[in-house]
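See below for the structure under consideration.
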Amino acid sequence: MAQVTEQPRKWGMVIDLDLCTGCNACVTACAMENNIHYTGEDEVAYGRGLYWMRIQRYWHGEYPNVGPEFTPMLCQQCGEAPCEPVCPTYASVHSNEEQINLQVYNRCIGTRYCANNCPYHARVFNFFDYEIPAPMNAYLNPDVTVRSRGVMEKCTFCVHRLVHARIDADTQGDPSLENEVTTACAQACPTNAIMFGDLTDENSPIRTLFERSERGFQIMEELGTFPSITYLKGGGVYGGRD
Amino acid sequence: MITEPIHLALFEEDQINEAAEAISILRSQGVPDRNISVISGVPLSEHILGRPMSWSRVGLIGLVGAVAGFLAALAITYLPVLIYPLNVGRMPVFPIPTTLVVVFELTMLGLLISTLLGVFVETITPSYGPHGYDPRIAHGKIGILFTCPPEVDCESYDQLVALGAELTHNLQERKLWP
Amino acid sequence: MAAETSYLTGARADLEQSELAEEHLMLDPRPREEMNQMVMEAMTTTTPVYWAWVGGLALIVAVCLFGVWGYMTATGIGITGIRRPVFWGVFIVTFVFWIGISHAGTFVSAILRVFKAEFRRPFTRAAELMTTFGLAGGAMYPLIHLGRVWTFYYMVPYPNARWLWPNMRSPLVWDFLAITTYLLSSTIYLYLPLIPDLAMARDRTTGLRHRIYRLLALGWRGTEAEWHRLRKAINIFAFAIIPVMFSVHTIVSWDFAVGVVAGWHSTIFGPYFIIGAILSGVAAVVTILFVLRSTMRNFKYFIRPEHFDALGKLLLVFSMAWAYFFFNEYLLSWYGGEEAVQRILTLHATGPSAWVWYLMLICNVAIPWLTLWNRRIRRNPLAMFFITLAINVGMYAERYTIIPLTLGHQRMPFDWGIYNPSIFEISIAIGTMAMFCLLYLLASRAIPLIPVWEVQEGQMAHSLKKVGKAHVPSVTELE
Amino acid sequence: MKSKISRRDFLKLSGAGLATAGVLTGCGPTSRYVVRQPYSSMPEFGQTGVSTYYATTCRDCTAGCGIIVRTVEGRAIKAEGNPAHPVSRGKICQRALTAVQGLYNPDRITGPRRQARGGGSVEEIDWDQAVEVVGQALQGNAGSLAFLLGGTPDHLFDLVTELAEALGAPPPVRYSTLQMFEGRSTLIAATEAVYGTPAVPHFDMANSDVVFSFGANLLEEWLSPLAYTRQFRQFRQDAAGRRTGYLVTFEPRQSVTGGSSDLWVPVAPGSEGLVAAAIGRLAAEARGGGVPPAFAGVDVNAAAEASGVPVETLTRLAEMFATARQATALPGGNALGHANGLESAVAILTLNSLSAANPVSIIPVEEEASAPQGSLQAVQELVDRMRSGQVSTLFIHGVNPLFELPSSLGFAEALAQVPQVISFASFPDETALASDYILPDHTGLESFGYQRVQAADRPVLSAMQPVVVPLYNTRATADVLLAATQQAGAGLDYTDEVAFIQSRLRPLLDANDPDGLFRADEMPTFWAQFLQYGGWWTQSPRLEPAEASASGGSAIRPPEPLQSGQLHFIAYPNKLGDGSVANRPWIQETPDPMVTATWNSYLLIHPDTAAGLGVRTNDVVLVRSEHGELETSVYVYPAIRPDTVAMPFGQGHTELGRWAAGRGANPAVLFPPQANGAGDLAFADTRVTLSATGRRRPLALIESLDGVYGEGH
């Protein structure tokens, strides 16, 4: 239940777009960590793939000076989340301990209002009961709920890892254990373009980047959602040639 | 309750003037207003018939309902979040603008439901005045039901008949509801 | 408030007066008993065609609405066409449509009653029935569109063991409360003026029907106290239900306007939706009146071209008001210059589904403006039937433009999506339409569709007054 | 941790954990076979509700990335990168992530069977019968035996090599489609030509400030995507977050690497070597001090014309290369998959010698570690033997030649000439179903083994161990072969697979390298640590700078001009690799980085070419080469040369279970059977003609075409 721990944290993420190669390892890592079901070709084609995270690929320039622009897009864990107040059943609430946006599956009745109201389109919906044929269901992560038909789901910042880390830190009396936790996408990212950490922690490596990087920006800042994800993209200190 | 026999003077639908006249005749003969009641197929206001204002508590009941709805709205918006505060979208736990919507709806709901209840309760509450009914009322006729002391009988009947009334004596009280 | 009762009985039957009588129901009085008989006859006459319609519609309701809904509940809402990012589709469109239709009853019956518009009298009940049945159809959609309909009661505020309480900050909870309030109050509002007519029906029927009417008539005799109480209650309702009606469609519009969705987040949505709702509601009243007039026995007496004429004028005004709001919304959104909004507005007019947008404008603006200024067209029930049908098609297109077409083109072009309604959701939409018609058909044979006492009251209040050389209709205030 | 560790200490170590990844354990120092036990008698490290982590090595490509598999109560949950492993350093790619979907794939072959080829009757047999079948085959004429192995695992290749030697049979043939696509054999041959050592060189990209990649899709599918992506990160950004490095990619289709590069140069297919040579010449001139003989004979204008790259661009790039502190040129991918591939590779490698600081080095390992792999030439010879009836029994493991090989090679017809085909496949792929016996091996996560890493900065022997008990009635192929050999009474005296692997570890144990990750006095301790850490490697990098020895390369033949209506056709591996993982639903569902497509094949085509053909994205076209034809949907791709079309490899399975079969098209049907100078398939020399079919089959894209490309795209 919503007890406030002594030291609430604010988990955040920094995604360096200069480093992102668009390889999609984070997408798969997220799926395998969070028991995200595959939906098949037809459903993906119709925009029903259950991607908690996806890499947006736009193009810039004209041939031959053409190139992709990759933006990993996931739930921004907004400080003022548009999805939260519109939920009639408190299925989308803010967590005090982690300062993230929770989705409570068993409270969700499937109005899908939150998904409409998410400017990042970070939410996906279980349109059907997706069944994983045995024995493939053996790999399901026991720490993560398997969602049933008719509920909304989205990136959780791997909240099960955060909770595990907090419990470990509490039981072993070593708060630093909690600082080592990372999300599945950040863990997999081959270029470390995705960095995860505690923004309340003075020593957190991402805190400076999050708050003060000259390259930093947040997506749709103008909407006042106060995302917990800062993106970095070359700006004033854009070194190198050209 | 009235135990005296009930009489009914029935006028045609366009004989409103005559009906009003009949009431004043009855009154002049010493039939008190509470022993007279007018039944009609269209609403005829007391002023038209020269009758004392009838009263109804429907408005008051409605008001009580509105207050109850208002309080219920406050209770369901305020109490649960006090017990179990949840943060959504960094809104206050008890935001006044959104509460106003709920308060408005439930106040209106309370008002309107209790108005119906008021109508219902007042309708099934036993009432004074002569009871009795004639289905021809629904044809637009105007009926004057009255009971009167035995000493004034004959005279009044003649005068009423002279006005064009169709008289029925010793009307049997019919149970119309439930 | 003088009692001027010698209304038409003694009047000379010259040409001018007969014309007036033919024109105006209020100036063409018939004895109450005759009117009662006409209404009762209309109510009790059923033809094989009627039963065929009832059977057919019942079948459609059973298969298209409940059958498909059951199938959808069993397999998942994925059988509809919704997708990311268009999470609301035909269901919500139809929901808004029915809630809009339901504004007709309140508008005709409460607003026109408050403003003492006399032409309302014969069709207030027909309009109120639309409100109730429209709401009944519309109120199903918040349930139908749920991903997990079996947990709908999570939205109901009552103490429970789940420690779960609805979020009073959510527009959907407001919706739930507002629709509940509106459904209950409009049903009551339908019922209260019906009591005298139920008593009339009670006196003219036997058997089961009699017992039902007797129960519903609450022992109505027509005493002064009863009339007084009833009028007081009706007055309270007439005044109280108007803000409720406004709040309901405002709240429905808030479902969209409170969001950050580009193209939805607009302060004008409240009045825009209300005007749209009244436009579609009044149009639907005309449609229904045409059907009643041409199918129910004796209704040609009660429903006359004058009513189509009056409603036609209203429609023209509301169509213009709607266009005004539409232009307002468009201009300000465009002027605001937010890229996403501008893009959506452009796409509405140029995108793959632009035909919906043009359909909306043609049906809501072009058709009414080109036709309704003409008295002869307004007085032609058949023409009005088609015009109002078109207006409702246009209003459906408006909601379709606002909901799925706006959702599909939000701020991130990478995630745009085109929504294709599936056969199942269309079937459910058709199912509720059939349910509305079925309920109306059944109700038309179950309750007196004409408030006879109100008509008679009006006829008593109307008279011809000689002014100079002409006789002009005059209304006496009886209340 | 370098000292001897007792079993008790070992378990303590298991509990204490290592780095951030949690606990790494072997299955216990003495265990050889993983035994099924009830949960009531779970081993002490397998506590209910607590995860156990096992280090092993991914077998989905030959890079040999160390992974850690999280298991809970005997179930493999998720593969993660091994933070200590010098290849992966805690990172992981999509294919390894979905390894558990391979392990738990419902379409696996559950036990040994005899079957009629091409479907039909299937007869379950038991392992005794299976071993007997293999034993009888081995007892026959050794000269008529043939072994066809895949790129992984290495220990099986070593064992089979030893076995073939003992039996007197021809050495096993190894083929890996992924290595074919990256031109591994060509690279090794070119390295030998330039540096005198047949090895996979190590390119120091991290410390370079200019990198020219000629076809090497290093971020997605090259020697080791993870290792080079890590280098790319260091190359791209310094510690202060400043953008550094300048990456130029020369490739006709913009790959993931091209997308992340600073300049993408769409060169004509087959002209990469010419471009490299031209740049070499211009750079040498810019730098002064004479033009190396390799570049002396290059005509810059001719190269510019053949490649479509203007001379000014070449000059600018050459100056950049010449003035860089350290400049690297990477040969790979379709640059090498041409008839002139070897010469191109030599030119590109030689370009490195113009760098101020030498970026190329070689890992000093035994020769066998760098043995050429995946060469088409060897396969060609095998096919010839098969066709001429010289093969009586063909053993196939880890490769699916009916799918992966160019159909023009005639493997299918040759296979029909082989009387007995024994497949060790875990999945019912095309070749397995065309075999007489399927004796299923364990999948990667159920197996012991090792893999030599070729693309690290130090010698690495990466360990494989089972993370779960084998799910089905499968048996390690090594054990089957050893048992059969013993039954045949000939050959090897290893008791089992583990004994063989340990014998191969013995030199490492004996060498007692002071820089080794761990040392031990006896094998059980060494073995335990080997499994626990996920392999053996040196603690610090060990590279020898490679000195260019060769004086000059031979002239590079320019590509033949296209005939009218013809287009270059380039197949490339993406997330699906060689197609063996196409049966994992999440690898299918993972979007392609550049195209965002899932679940199917597509043909990348330039907008102008598409317009000329009258097709749009999602329209189906018929692609026809001299050797075959296929149909696939078009994706109009802005970053490809107008004279080139490209298509990912890996789809088009006719078998391989519910998620792979009948999906997309296999570009292998289009390939010519020609090889380049190093014996690698000249797959990029494929030329095709396109024709619209008028049909439309929408691709499952994540993107909105309207949104990204505008209305009407």
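Protein chains in written order, with the numbering used here: chain F, 242 to 483; chain B, 8 to 185; chain Y, 14 to 492; chain L, 1311 to 2023.
Heads up, the beta-carbon is just placed ideally off N, CA and C, and yes, glycines get one too.
**First through last residue of the alpha helix (DSSP H) which encompasses I131(B)** = Reading the second sequence from its first residue, position 124 is the one you call residue 131(B). Its alpha helix (DSSP H) spans residues 103-131.
**Message:** I want to verify the contact list: residues of chain B whose CB lies under 8 Å from the CB of P44(Y), in sequence order.
**Reply:** Your numbering for residue 44(Y) matches position 31 in the third sequence. Near P44(Y) (Cβ distances below 8 Å), the residues of chain B are E20, H146, G147.
**Rounded Cβ spacing between V1731(L) and L1704(L) (contact assumed at less than 8 Å)** = Taking the fourth sequence and counting its residues from 1, one reaches residue 1731(L) at position 421. Taking the fourth sequence and counting its residues from 1, one reaches residue 1704(L) at position 394. Between the beta-carbon of V1731(L) and that of L1704(L) there is about 5 Å, and that keeps the pair under the 8 Å contact cut.
**Item:** C-beta neighbour in chain F for Q423(Y), strict 8 Å
**Value:** Translated into positions along the third sequence, residue 423(Y) becomes position 410. For Q423(Y), the answer is yes, since a Cβ of chain F falls inside 8 Å of its Cβ.
**Request:** Pick helix, strand or coil for M254(F), following the three-state DSSP scheme.
**Result:** Counting from one through the first sequence, the residue named residue 254(F) turns up at place 13. Correct three-state label for M254(F): strand.
**Request:** Output the distance between the C-alpha atoms of V255(F) and F311(F), rounded to the nearest integer angstrom.
**Result:** Working through the first sequence from its first residue, we reach residue 255(F) at position 14. Working through the first sequence from its first residue, we reach residue 311(F) at position 70. Computed Cα separation, rounded: 15 Å.
**Cβ neighbour criterion (16 or more within 10 Å) applied to F340(Y)** = Against the third sequence, residue 340(Y) aligns to sequence position 327. Within a 10 Å sphere around the beta-carbon of F340(Y) sit fewer than 16 other beta-carbons, which makes this residue exposed.
**Prompt:** Three or more C-beta pairs closer than 8 Å, one from the segment 1436-1444 of chain L and one from the segment 1787-1796 of chain L: is that the case here?
**Reply:** By the criterion of at least three beta-carbon pairs nearer than 8 Å, the segment 1436-1444 of chain L is in contact with the segment 1787-1796 of chain L.
**Message:** Please classify Q472(Y) as buried or exposed, where buried requires at least 16 neighbouring CB atoms within 10 angstroms.
**Reply:** As a working mapping, residue 472(Y) is identified with position 459 in the third sequence. Per the 10 Å Cβ criterion, buried.
**Request:** Measure the CB-CB distance between L38(Y) and R306(Y) and report whether it falls below 8 Å.
**Result:** Your numbering for residue 38(Y) matches position 25 in the third sequence. Your numbering for residue 306(Y) matches position 293 in the third sequence. No; because the gap between Cβ atoms is not below 8 Å, this pair is not in contact.
**Asked** Under 8 Å between C-beta atoms, does S279(Y) make it to chain F?
**Response** Reading the third sequence from its first residue, position 266 is the one you call residue 279(Y). For S279(Y), not one C-beta of chain F is nearer than 8 Å to its own C-beta.
**Item:** Sheet register partners of R308(F) (DSSP bridge)
**Value:** Locating residue 308(F) in the first sequence gives position 67, counting from the first residue. The amino acid occupying residue 308(F) in the given sequence is Gly; Arg does not appear at that position. H301(F).
**Residues within the segment 69-100 of chain B neighbouring chain F, beta-carbon criterion of under 9 Å** = So the list reads Y91, P92, L93, N94, V95, G96, R97, M98, given in the order they occur along the chain.
**Request:** In the DSSP assignment, find the beta strand (DSSP E) that holds A1394(L) and state where it starts and stops.
**Result:** Within the fourth sequence, the letter at position 84 stands for residue 1394(L). Counting along the chain, A1394(L) sits inside no beta strand (DSSP E), nor does DSSP assign it H or E at all.
**Prompt:** From this set, L291(F), D409(F), W252(F), Y472(F), which residue's C-alpha is nearest N337(F)'s C-alpha?
**Reply:** Here residue 337(F) is taken as the residue at index 96 of the first sequence, counted from 1. Looking from the CA of N337(F), the closest CA among L291(F), D409(F), W252(F), Y472(F) belongs to W252(F).
**Message:** Please give the ranges of any beta strand (DSSP E) in the segment 1419-1468 of chain L, keeping only runs that are unbroken, at least 3 residues long and fully inside the region.
**Reply:** With a minimum length of 3 residues, the continuous beta strand (DSSP E) runs that stay inside the segment 1419-1468 of chain L are 1423-1425, 1432-1434, 1455-1459.
**Message:** At the 8 Å Cβ level, is W194(F) part of the contact set with chain L, yes or no?
**Reply:** Missing from the structure shown is residue 194(F); chain F here goes from 242 to 483 and no further.
**Message:** For the structure I just gave you, are there three or more beta carbon pairs, one from the segment 1775-1783 of chain L and one from the segment 1450-1465 of chain L, closer than 8 Å?
**Reply:** The segment 1775-1783 of chain L is not in contact with the segment 1450-1465 of chain L.
**Message:** Beta-carbon within less than 8 Å of S417(F)'s beta-carbon, same chain only, minus the 5 sequence neighbours each way: which residues are those?
**Reply:** One-based indexing of the first sequence puts residue 417(F) at position 176. Result list for S417(F): A410, in chain order.
**Asked** Which partner residues does L1932(L) have in the DSSP bridge list?
**Response** Looking up residue 1932(L) in the fourth sequence gives position 622. DSSP lists E1941(L), S2001(L) as partners of L1932(L).
**Request:** Can you pull the chain L residues whose beta carbon is under 8 Å from the beta carbon of P426(Y), in chain order?
**Result:** Along the third sequence, read from residue 1 onward, the residue named residue 426(Y) stands at position 413. Think of a sphere of 8 Å around the beta carbon of P426(Y): the chain L residues whose beta carbon falls inside it are S2014, D2016, G2017, V2018, in chain order.
**Asked** Of the residues G302(F), C359(F), A425(F), which one's Cα is nearest the Cα of G465(F)?
**Response** In the first sequence, counting from the first residue as 1, residue 465(F) sits at position 224. Of the candidates G302(F), C359(F), A425(F), the one whose C-alpha sits nearest the C-alpha of G465(F) is C359(F).
**Request:** Count the other CB atoms, across all protein chains shown, that sit within 10 Å of the CB of V422(F); report buried if there are 16 or more and exposed otherwise.
**Result:** As a first step, residue 422(F) must be located in the first sequence, where it is residue number 181. With 16 or more Cβ atoms within 10 Å of its Cβ, V422(F) is classed as buried.
**Limits of the unbroken beta strand (DSSP E) element including A1794(L)** = One-based indexing of the fourth sequence puts residue 1794(L) at position 484. That residue, A1794(L), is in no beta strand (DSSP E); its alpha helix (DSSP H) goes 1787-1798.
**Request:** May I ask you to list the residues that DSSP assigns as paired with F1705(L)?
**Result:** Position 395 of the fourth sequence, counted from the first residue, corresponds to residue 1705(L). F1705(L) is bridged by DSSP to F1457(L), I1732(L).
**Request:** Rounded to whole angstroms, what's the CA-CA distance from A1744(L) to R1563(L)? Just pull it up for me.
**Result:** Reading the fourth sequence from its first residue, position 434 is the one you call residue 1744(L). Reading the fourth sequence from its first residue, position 253 is the one you call residue 1563(L). Each residue's alpha carbon lies about 35 Å from the other.
**Request:** Examine chain L for any beta-carbon lying closer than 8 Å to the beta-carbon of G430(Y), and answer yes or no.
**Result:** Here residue 430(Y) refers to the residue found at position 417 of the third sequence. Yes, its Cβ sits closer than 8 Å to a Cβ of chain L.
**Prompt:** If we ignore side chains and look at the alpha-carbon of each, how far apart do D1803(L) and V1520(L) end up?
**Reply:** Counting from one through the fourth sequence, the residue named residue 1803(L) turns up at place 493. Counting from one through the fourth sequence, the residue named residue 1520(L) turns up at place 210. Between D1803(L) and V1520(L), the C-alpha separation is close to 53 Å.
**Message:** Checking 8 Å against the spacing of the C-beta atoms, do L1872(L) and R1997(L) come in under that value?
**Reply:** What you label residue 1872(L) is simply residue 562 of the fourth sequence in a count that begins at 1. What you label residue 1997(L) is simply residue 687 of the fourth sequence in a count that begins at 1. L1872(L) is a Cβ neighbour of R1997(L), given a cutoff of 8 Å.
**Asked** Do A149(Y) and V121(Y) come within 8 Å of each other at the CB atom, strictly closer than that value?
**Response** Start at 1 with the first residue of the third sequence, and residue 121(Y) comes out as number 108. Start at 1 with the first residue of the third sequence, and residue 149(Y) comes out as number 136. The Cβ atoms of V121(Y) and A149(Y) lie no closer than 8 Å to each other.
**Prompt:** For A1549(L), is the classification buried or exposed, using 16 other Cβ atoms within 10 angstroms of its Cβ as the cut-off for buried?
**Reply:** Within the fourth sequence, the letter at position 239 stands for residue 1549(L). A1549(L) is classed as exposed because its beta carbon has fewer than 16 other beta carbons within 10 Å across all chains shown.
**Prompt:** Using the rule of at least 16 other Cβ atoms within 10 Å of the residue's Cβ for burial, across every protein chain shown, is N1650(L) buried or exposed?
**Reply:** The residue given as residue 1650(L) occupies position 340 in the fourth sequence. Counting Cβ neighbours within 10 Å, N1650(L) comes out buried, since at least 16 surround it.
**Request:** Give a yes or no on whether 8 Å exceeds the smallest Cβ distance from V1777(L) to chain F.
**Result:** Sequence index remark: in the fourth sequence, residue 1777(L) carries index 467 (1-based). Judged by the 8 Å Cβ criterion, V1777(L) is not in contact with chain F.
**Closer than 7 Å at the beta carbon, the chain B residues around N302(F)** = As a working mapping, residue 302(F) is identified with position 61 in the first sequence. The question names Asn, but residue 302(F) in the sequence shown is Gly. Residues of chain B with a Cβ closer than 7 Å to the Cβ of G302(F) do not exist, since the nearest Cβ in that chain sits about 39 Å away.
**Request:** Using a Cβ cut-off of 8 Å (strictly closer), state whether G276(Y) contacts chain F.
**Result:** Taking the third sequence and counting its residues from 1, the one referred to as residue 276(Y) is at position 263. Not one beta carbon of chain F lies nearer than 8 Å to the beta carbon of G276(Y).
**Message:** Counting only beta-carbon separations shorter than 8 Å, does Y299(F) have a partner in chain B?
**Reply:** For the purposes of this step, residue 299(F) is identified with residue 58 of the first sequence, where counting begins at 1. No, no contact with chain B.
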